[in-house]
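A short write-up of the structure that comes next.
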């Protein structure tokens with residue numbers, strides 16, 4: 010490295026040879042006042058990109074070959090480039106998303122005030138390509154570009170495997186960016202992890218003394234439509250099925266992202282109370298409101314536990330749930346065709362049988378269920394909270410319980426305070442000949458007496474300490 014300066018100019022020279030055969034040579038000259046004219050050139054060939062993962066932690070290994078041949082002009086505060094920089098045979102890994110992107114080609118060319126950036130890449134079985142150009146005048150940049158692709162693997166993790174086929178147009182005017190177009194998902198398999206044991210933050214949480222980040226310079230105006238292909242499937246939170254339809258997201262500076270369109274669940278099943286309900290109609294309706302809170306229009310029915318023969322002129326018994334409201338505030342109700350009392354609808358929903366008593370004792374004889382994990386009865390929690398309000402029970406919940414043989418099974422618990430000190434709850438296990446009755450009596454601020462009968466009988470005197 011050489012750096013020299015006199016009354017007229019400052020010159021610099023860098024000659025860097027690398028062990029892998031790469032090199033970087035740079036020569037520059039800066040004239041002193043009043044012009045401060047910049048001249049020089051940069052030439053090099055690089056094979057080692059270990060610095061990139063250190064600067065960008067989300068990026069893993071980076072490989073490829075970078076050829077640089079640039080001529081410098083302008084001023085140090087406003088440099089101009091003439092020449093090219095080309096990355097070929099590039100490879101890039103992104104561990105967080107399980108990606109290994111190959112065949113990366115990037116070509117940057119400039120002739121002073123005009124730049125072009127073209128490229129392509131491969132991920133999975135698909136490809137991605139982009140073209141763009143930018144022009145500068147009086148320190149004002151304008152640019153436009155296109156991003157296209159087909160079946161490009163964008164996510165490849167245990168929770169999601171997603172391929173995308175984008176067709177996007179980009180426009181830039183200084184610090185304003187416009188993004189328009191479509192992103193088709195030809196295939197996707199989404200299996201979100203169980204969140205039943207995690208704590209969520211209240212949406213109205215306010216952090217006292219928290220500093221509001223200053224507004225950024227960039228202003229993004231986006232109107233992008235996501236289109237579901239023929240092989241987009243969801244399996245999580247008690248819901249399985251194929252997703253169809255499209256949603257257009259609109260994002261403007263200083264405004265929440267809104268959505269318009271419809272997503273539909275086809276051939277879906279919804280697990281509630283340890284049983285799978287067939288989704289006859291399942292729609293998420295985006296009508297221009299906040300994209301994270303679409304309206305719900307879901308109707309799911311419980312298939313009968315055993316095949317039945319319907320007499321001529323009679324209607325087959327159908328019981329199920331209807332979910333309306335919004336994603337953040339769903340409203341759940343039961344329905345039956347022909348009509349049934351509320352308690353019998355709930356019993357049929359769990360057992361798949363008619364002719365049961367209007368209490369929950371017949372559930373003891375319900376058919377065995379394979380549900381052994383709390384994730385399989387996630388849907389039941391939503392129904393339980395709604396049904397508890399309808400039948401006047403303070404607490405209705407669906408939980409997993411441990412059986413005497415060490416296994417587990419889903420169970421429904423109903424509880425109510427008979428007095429400020431006395432609480433009683435009754436639980437019945439789906440598909441098992443067991444139920445449990447629990448009494449809790451508060452003796453004082455820290456003492457409580459608890460008695461339970463079910464798999465085993467016993468009583469406990471509980472002393473609690475709060476920290």
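Residue numbers (my numbering): 10 to 476.
Glycine included, C-beta positions come from ideal geometry on N, C-alpha and C.
Within 8 Å, strictly: CB atoms of residue i and residue j
i, j, result
"residue 309", "residue 289", "yes"
"residue 142", "residue 124", "yes"
"residue 179", "residue 231", "no"
"residue 448", "residue 471", "no"
"residue 236", "residue 193", "yes"
"residue 257", "residue 302", "no"
"residue 172", "residue 135", "yes"
"residue 88", "residue 81", "yes"
"residue 139", "residue 156", "yes"
"residue 358", "residue 351", "no"
"residue 158", "residue 175", "yes"
"residue 162", "residue 122", "no"
"residue 241", "residue 197", "yes"
"residue 263", "residue 200", "no"
"residue 190", "residue 177", "yes"
"residue 238", "residue 195", "yes"
"residue 104", "residue 69", "yes"
"residue 307", "residue 268", "no"
Residue i, DSSP secondary structure in three states
i, result
"residue 195", "strand"
"residue 105", "helix"
"residue 427", "coil"
"residue 32", "strand"
"residue 307", "strand"
"residue 326", "coil"
"residue 300", "coil"
"residue 152", "strand"
"residue 474", "coil"
"residue 435", "strand"
"residue 63", "helix"
"residue 13", "strand"
"residue 382", "Confidence at residue 382 is low in this model, with a pLDDT of 37, below 50, so the placement of that residue is unreliable and no value is reported for it."
"residue 239", "strand"
"residue 46", "coil"
"residue 355", "helix"
"residue 25", "strand"
"residue 263", "coil"
"residue 123", "strand"
"residue 134", "coil"
"residue 168", "coil"
"residue 57", "coil"
"residue 201", "coil"
Buried/exposed call for residue i, threshold 16 Cβ in 10 Å
i, result
"residue 437", "buried"
"residue 377", "Any reading at residue 377 needs caution, since the residue's pLDDT is 35, under 50, leaving its predicted position unreliable; the model's value is listed next. Per the 10 Å Cβ criterion, exposed."
"residue 452", "exposed"
"residue 266", "exposed"
"residue 328", "buried"
"residue 144", "exposed"
"residue 273", "buried"
"residue 276", "exposed"
"residue 348", "exposed"
"residue 466", "exposed"
"residue 226", "exposed"
"residue 341", "buried"
"residue 280", "buried"
"residue 297", "exposed"
"residue 454", "exposed"
"residue 67", "exposed"
"residue 13", "exposed"
"residue 59", "exposed"
"residue 353", "buried"
"residue 25", "exposed"
Sequence-distant residues of its chain with Cβ nearer than 7 Å to residue i (five each side left out)
i, result
"residue 106", "164, 165 and 166"
"residue 77", "51, 52, 53 and 94"
"residue 370", "Residue placement at residue 370 cannot be trusted, given a pLDDT of 37 that sits under 50; what the coordinates show is reported in the next sentence. Excluding sequence neighbours, residue 370 sits near nothing in its chain."
8 Å Cβ shell around residue i - same chain, five flanking residues per side excluded
i, result
"residue 17", "40 and 41"
"residue 57", "27, 29 and 31"
"residue 19", "12, 13, 38, 39 and 41"
Nonlocal neighbours in the same chain, by C-beta distance under 6 Å from residue i, ignoring five residues either side
i, result
"residue 99", "73 and 113"
"residue 445", "436 and 463"
"residue 460", "448 and 468"
"residue 185", "228"
"residue 424", "404 and 434"
"residue 23", "10 and 35"
"residue 366", "Per-residue confidence for residue 366 stands at a pLDDT of 40, beneath the threshold of 50, marking its modelled position as unreliable; the derived number appears in the next sentence. The answer is none, since no qualifying residue turns up."
Heavy atom of the ligand NAD within 7 Å of residue i beta-carbon
i, result
"residue 253", "With respect to the ligand NAD, the structure offers nothing, as it holds no ligand at all."
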